[in-house]
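In the working numbering, each number is its position in the sequence shown, counted from 1, plus 1172.
Beta carbons: idealized from backbone N, C-alpha and C, even for Gly.
Before any comments, here is the structure.
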Amino acid sequence: MTRINTNVPSLVAQSRLQNSNQDLQTALTRLSTGLRINTGADDPAGLIASEALRSEITSLGKAVSNTRRASQIISTADSGLGQVSNLLNDIRGLVVEAANSGGLSAEEIAANQLQIDSSLEAINRISQSTTFQGSKLLDGTLDFVSTARSVASVRDINIDQANLGAVGQISADVVIDSAATQAAITAATGGFTAASNATATFVTGTDSITITAATAGSNFNDVQVQFVDDTGAGDVAASATFDAAQRTLTVTYNSTAATATNRDIDAIAAAITADGSFTGAVLGANGADAFVEPTTTPSTLKTGGEVLNADLVFQLSGEDGSETFNFGSGTAASQISDAVNLVADSTGVSASFSSVSGITFSSTGYGSDTLVDIEVINEEAGGTFAASLSADRATGADIVATVNGVEADGDGNSLSINTSVLDLSLTVDAGSSTNFSFDITGGGALFQLGPDVTTNQQARLGIGSVSTGQLGGANGRLYELGSGQARSLENDVAGASVIIEDVIAKVTGLRGRLGAFQSTTLDSNMVSLNETLANLQEAESSI
């Protein structure tokens, strides 16, 4: 029945119409936006989930963009380093060519030096001009700032990566458990004739003078003795002068001196003794006889100790090569040492002689890669050199150290660590065992690689300067190859070769490190972020 005050069918119709309009509006909104949830009323729980996902998707999108930007920066830096590498290779070729001084004129070597100077200028220019959106990449701006260079025993340091955390710095405590050592073999004094004083006897008339070195050992063997009769000197006392550089003892007297004591044998012997390096003794009946210059006598002192007892042939090998030595009986130990040192750059082995310990053959370098190997090929009867050797073969030892409690990899005097917090390598003074610490207080290129601004989603990479004043290591800096510098082609070609090899290795290492960071950290991060981004977008779409 229809009622006038309350038309129920009409109200029901209006309610259904309103619901239909709302459903139509919702459907049209979803059709126009393409979204199932447009307001919180559509699906409160779904809205919360979708908005959280959208926030993550936005962050991931920026992380992908950041990673792509970082890769572009690394590529730009590597491009500049590639040009530096080409210039360094050119410099190395010029240095090797200039070492051929017997085949090149002075003008040609000077031309090579001009090319080197030009290349050094180009390297400095690349260091300053390699930029990305106004930020310089290779001038040291992106290198880490540390107090390591103020540590006296640190020769060189490279900080590749460091997580400075929320405080913005990190300390490094280096504890050296054992220092790097050289390979060494000793030929003890038993391998040579026992130390004695070099001596020689000079017959003068019916008498003779014996001249003996004041110090035992072979150092005065082959010292030449010259007697000079200076008849124009006047009535002056006899004198003796020893020239150590020329290994010559000159005895001056005047056979026509008015005073007899200025020209007799005793006076000559006294003058020799007064010099201090030798003693002179008269052997004969009358030291007051006039001195007669010897005519048939030995010209040099001999028989000083520390000499080989027999002919000897041995091969000496080191990390750089081998050399065969052939010495006759009577060769002084000091002469053997000198001969080894002449070719030390070819063998990697040097020698030092001591009248107390004998000859010590030592590797020029430090570490487990160094060696000294002595093979006695032939020693004549009566020889004792082979029996005096402390070993036939010896190797050195690498430095053993920890950095912040982490055991470091040792290589000679260099050590390195690579952890999630710190990646560095440094070189200490040869054989140093001094502990030290330093702080990394900032610097480095900071890359945000994840969606959250936390240190474990960031990477801080150090890119050092490639200017000629900074490129180098323990052996010197690249600028030293310039005209007028200590390692120029004119002053030290061998030293220039050592430096350029160190610099090439350092630049190559930097390029390799940047390449590894780009191919592993950045590229893998890009793949991971893109996959995560796709999954989140799919999840958000389904909601």
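Report back the beta-carbon spacing between residue i and residue j to the nearest angstrom; my notes put them in contact at under 8 Å.
{"i": "Ala1573", "j": "Gly1584", "result": "The pair is not a contact, with the Cβ atoms about 12 Å apart (cut-off 8 Å)."}
{"i": "Asn1335", "j": "Ser1592", "result": "7 Å"}
{"i": "Asp1328", "j": "Thr1599", "result": "4 Å"}
{"i": "Asp1674", "j": "Gly1644", "result": "6 Å"}
{"i": "Leu1488", "j": "Thr1451", "result": "Going by Cβ atoms, the distance from Leu1488 to Thr1451 rounds to 37 Å, so no, they are not a contact pair."}
{"i": "Lys1474", "j": "Ala1372", "result": "6 Å"}
{"i": "Ser1138", "j": "Leu1276", "result": "The structure shown does not extend to residue 1138, since the chain spans only 1173 to 1715, so no value can be given for it."}
{"i": "Gly1568", "j": "Ala1352", "result": "7 Å"}
{"i": "Asn1707", "j": "Thr1239", "result": "Between Thr1239 and Asn1707 the Cβ distance is about 17 Å, and since that is not below 8 Å, they are no contact."}
{"i": "Ser1380", "j": "Asp1401", "result": "With a Cβ gap of about 18 Å, Ser1380 and Asp1401 do not count as contacting."}
{"i": "Ile1348", "j": "Ile1571", "result": "6 Å"}
{"i": "Ile1383", "j": "Ile1444", "result": "6 Å"}
CB residue i to CB residue j, shorter than 7 Å?
{"i": "Ser1522", "j": "Gly1490", "result": "no"}
{"i": "Val1317", "j": "Gly1537", "result": "no"}
{"i": "Gly1404", "j": "Asn1481", "result": "no"}
{"i": "Ala1460", "j": "Asp1483", "result": "no"}
{"i": "Thr1358", "j": "Thr1532", "result": "yes"}
{"i": "Leu1653", "j": "Ala1631", "result": "no"}
{"i": "Val1679", "j": "Ser1257", "result": "yes"}
{"i": "Phe1610", "j": "Val1323", "result": "yes"}
{"i": "Asp1407", "j": "Ala1430", "result": "yes"}
{"i": "Gly1389", "j": "Gly1476", "result": "yes"}
{"i": "Leu1543", "j": "Ala1355", "result": "yes"}
{"i": "Ser1325", "j": "Asp1601", "result": "yes"}
{"i": "Pro1623", "j": "Ala1242", "result": "no"}
{"i": "Ile1671", "j": "Asn1702", "result": "no"}
{"i": "Ala1446", "j": "Tyr1425", "result": "no"}
{"i": "Phe1525", "j": "Ser1506", "result": "yes"}
{"i": "Gln1398", "j": "Thr1422", "result": "yes"}
{"i": "Phe1364", "j": "Val1479", "result": "yes"}
{"i": "Leu1314", "j": "Ala1617", "result": "yes"}
{"i": "Asp1289", "j": "Ser1655", "result": "yes"}
{"i": "Leu1596", "j": "Ile1331", "result": "yes"}
{"i": "Thr1361", "j": "Gly1603", "result": "no"}
{"i": "Thr1472", "j": "Asp1415", "result": "no"}
{"i": "Ser1291", "j": "Asp1250", "result": "no"}
{"i": "Ile1281", "j": "Thr1640", "result": "no"}
{"i": "Ile1550", "j": "Val1485", "result": "Just to set this straight, residue 1550 is Asn in the shown sequence, not Ile. Contact: yes."}
{"i": "Thr1626", "j": "Gly1337", "result": "no"}
For residue i, which of helix, strand or coil comes out of DSSP?
{"i": "Ala1344", "result": "strand"}
{"i": "Gly1212", "result": "Unreliable placement is indicated for Gly1212, whose pLDDT of 47 sits below 50; the coordinate value is still reported in the next sentence. Coil, per DSSP."}
{"i": "Asp1583", "result": "strand"}
{"i": "Ile1331", "result": "strand"}
{"i": "Gln1620", "result": "strand"}
{"i": "Arg1435", "result": "coil"}
{"i": "Gly1645", "result": "strand"}
{"i": "Leu1543", "result": "strand"}
{"i": "Gly1684", "result": "helix"}
{"i": "Phe1499", "result": "strand"}
{"i": "Arg1297", "result": "helix"}
{"i": "Asp1492", "result": "coil"}
{"i": "Leu1276", "result": "coil"}
{"i": "Ala1573", "result": "strand"}
{"i": "Thr1239", "result": "helix"}
{"i": "Val1256", "result": "helix"}
{"i": "Ser1182", "result": "helix"}
{"i": "Glu1551", "result": "strand"}
{"i": "Asn1590", "result": "strand"}
{"i": "Thr1248", "result": "helix"}
{"i": "Glu1265", "result": "The sequence given here has Gly at residue 1265, not Glu. Gly1265 falls in the helix class under three-state DSSP."}
{"i": "Asp1415", "result": "strand"}
{"i": "Gly1634", "result": "coil"}
{"i": "Thr1472", "result": "strand"}
Name the DSSP bridge partner or partners of residue i?
{"i": "Glu1703", "result": "The partner list for Glu1703 (beta bridge, DSSP) is empty, contrary to what the question assumes."}
{"i": "Ile1479", "result": "The question names Ile, but residue 1479 in the sequence shown is Val. Partner(s): Ala1504."}
{"i": "Ser1526", "result": "Gly1530"}
{"i": "Lys1678", "result": "For Lys1678, which the question treats as bridged, DSSP gives no partner whatsoever."}
{"i": "Gln1629", "result": "Note: Gln1629 sits in no beta bridge, so no partner."}
{"i": "Glu1465", "result": "Note: Glu1465 sits in no beta bridge, so no partner."}
{"i": "Tyr1425", "result": "Asp1401"}
{"i": "Val1454", "result": "Ile1381"}
{"i": "Thr1640", "result": "Answer is none; Thr1640 lacks a bridge partner."}
{"i": "Thr1420", "result": "Gln1396, Asp1415"}
{"i": "Asp1595", "result": "Gln1333, Asn1590"}
{"i": "Arg1565", "result": "Asp1545"}
What I want to know is whether the C-beta of residue i ends up closer than 6 Å to one or more non-hydrogen atoms of the ligand MN.
{"i": "Pro1470", "result": "Absent from the structure shown: the ligand MN. Ligands present: none."}
Under 7 Å between C-beta atoms, does residue i make it to chain B?
{"i": "Phe1497", "result": "Within the model displayed, chain B is absent; a lone protein chain is all it includes."}
Legend entry - Minimum length 3: unbroken beta strand (DSSP E) runs contained in the segment 1346–1372: Listed in chain order, they are 1356–1359.
Legend entry - Entirely enclosed beta strand (DSSP E) segments - the segment 1369–1404, minimum 3 residues: Listed in chain order, the complete beta strand (DSSP E) runs (minimum 3 residues) inside the segment 1369–1404 are 1369–1376, 1379–1388, 1396–1401.
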